[in-house]
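0 is the number of the first residue of the sequence shown in numbering that gives the first Met the number 0; add one for each residue after it. Yeah, the Cβ is synthetic: ideal placement off N, Cα and C, and Gly gets one too. Right, one structure below, let's go through it.
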Amino acid sequence: MLAWGGQTGLNVGTELYLNGVLKEYGVDVLGTSVEAIMNTEDRDLFVKELNKVDLKVPVSHACENMEEAVAAARNIGYPIMIRSAYALGGLGSGVCKTEEEFKEIAESAFTFAPQVLVEESLKGWKEIEFECIRDANDRCFTVASMENFDPLGIHTGESIVVAPTCSLTDEQVKMLQDIAVKCVRHLNIVGECNIQYAFNAETNDYRIIEINARLSRSSALASKATGYPLAFVAAKIALGYTLDQIGEMGTPNSAYVAPSLDYMICKI
């Protein structure tokens with residue numbers, strides 16, 4: 000169950016899969032498959048997969064050395080955003096206004112990961128998150144929406160976060176929910192995941208900036224806000240239960256429906 004090991008669990012599981020260790024010892028991965036995890040963690044695969052279903056991602060290039068990264072940044076144009084693949088908490092990421100600043104962050108990023116994503120800067124756009132759940136029968140919905148008080152450019156782990164989203168219209172929230180469900184289904188995620196958007200509320204334009212196919216700090220916040228125990232439900236799904244079979248939450252089938260919007264929470 001790789002999703003319970005955080006970023007380290009995903010990284011180790013992926014490495015064991017690629018090296019053939021899991022196959023050699025007959026190890027089954029429960030929940031989201033390693034292939035699906037790789038499609039969310041490898042930035043090049045991530046972009047290619049979402050492009051297949053016409054979902055918007057930032058203009059970007061996945062790079063595996065400094066020369067490629069500098070060329071990509073020049074091609075896209077400054078300011079530029081750089082992100083490390085397979086990294087936790089925004090490690091090796093940042094917005095760069097100049098090539099000198101870019102080289103400094105990129106050099107650091109390559110010490111954390113073998114690949115970085117160089118992408119257009121969307122600094123100033125809203126950062127919106129959704130926690131999603133999906134079972135093997137393809138029952139899928141968003142459990143909670145969250146809005147960062149700080150705009151894109153401040154990592155969500157360092158930002159004030161409120162749930163549910165407060166500054167978007169119902170139509171905008173519904174649009175992002177539908178996109179999240181489409182994305183989770185296409186990537187074949189089984190269990191819980193977090194999807195993060197950059198969103199321009201004036202134009203309704205969006206970019207999917209990251210998907211975490213694992214339990215995270217955002218999962219814990221969403222569970223506390225909604226009363227929907229994401230870790231518990233995702234564990235049941237990984238063991239083969241479907242959402243309509245999970246009734247230990249107070250009433251029969253209570254895991255089958257999204258929680259009501261009868262709460263407000265702020266993470267400082």
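Name the one or two DSSP bridge partners that residue i has.
i: residue 266; result: 160
i: residue 116; result: 61, 82
i: residue 94; result: 80
i: residue 195; result: 128, 209
i: residue 204; result: 199
i: residue 133; result: 139, 190
Residue range of the alpha helix (DSSP H) that residue i falls in?
i: residue 43; result: 42–51
i: residue 185; result: 169–186
i: residue 144; result: Per DSSP, residue 144 belongs to no alpha helix (DSSP H); it is in the beta strand (DSSP E), 139–147.
i: residue 5; result: 5–17
i: residue 259; result: No alpha helix (DSSP H) holds residue 259; DSSP gives it neither H nor E.
i: residue 268; result: Here the chain covers residues 0 to 267 and nothing more, so residue 268 does not appear.
i: residue 235; result: 229–237
i: residue 29; result: Per DSSP, residue 29 belongs to no alpha helix (DSSP H) and is neither H nor E.
Once the 5 residues before and after residue i are set aside, which same chain residues still bring their CB inside 7 Å of it?
i: residue 188; result: 31, 35, 133, 212
i: residue 245; result: 232, 235, 254
i: residue 183; result: 131, 133, 139, 192
Between residue i and chain B, is any beta-carbon pair separated by less than 9 Å?
i: residue 234; result: As a matter of chain content, chain B is missing from the structure shown, which is built from one protein chain.
Which same chain residues, not among the five before or five after residue i, have their C-beta less than 6 Å away from its C-beta?
i: residue 255; result: 242, 243
i: residue 163; result: 144, 260
i: residue 116; result: 42, 59, 61, 82
In whole angstroms, what is the alpha-carbon distance linking residue i and residue j?
i: residue 45; j: residue 53; result: 13 Å
i: residue 100; j: residue 158; result: 23 Å
i: residue 186; j: residue 73; result: 31 Å
i: residue 41; j: residue 127; result: 22 Å
i: residue 232; j: residue 33; result: 20 Å
Within 8 Å: the Cβ of residue i and any heavy atom of the ligand NAP?
i: residue 236; result: With respect to the ligand NAP, the structure offers nothing, as it holds no ligand at all.
*asked:* Below 8 Å, how does it come out for the region 117–133 and the region 146–154: are there three or more Cβ pairs, yes or no?
replied: yes
*Pairing CB atoms from the region 19–30 with CB atoms from the region 71–85, are three or more of them under 8 Å?*
no
*Counting Cβ pairs closer than 8 Å, one from the region 166–186 and one from the region 3–12, do we hit at least three?*
no
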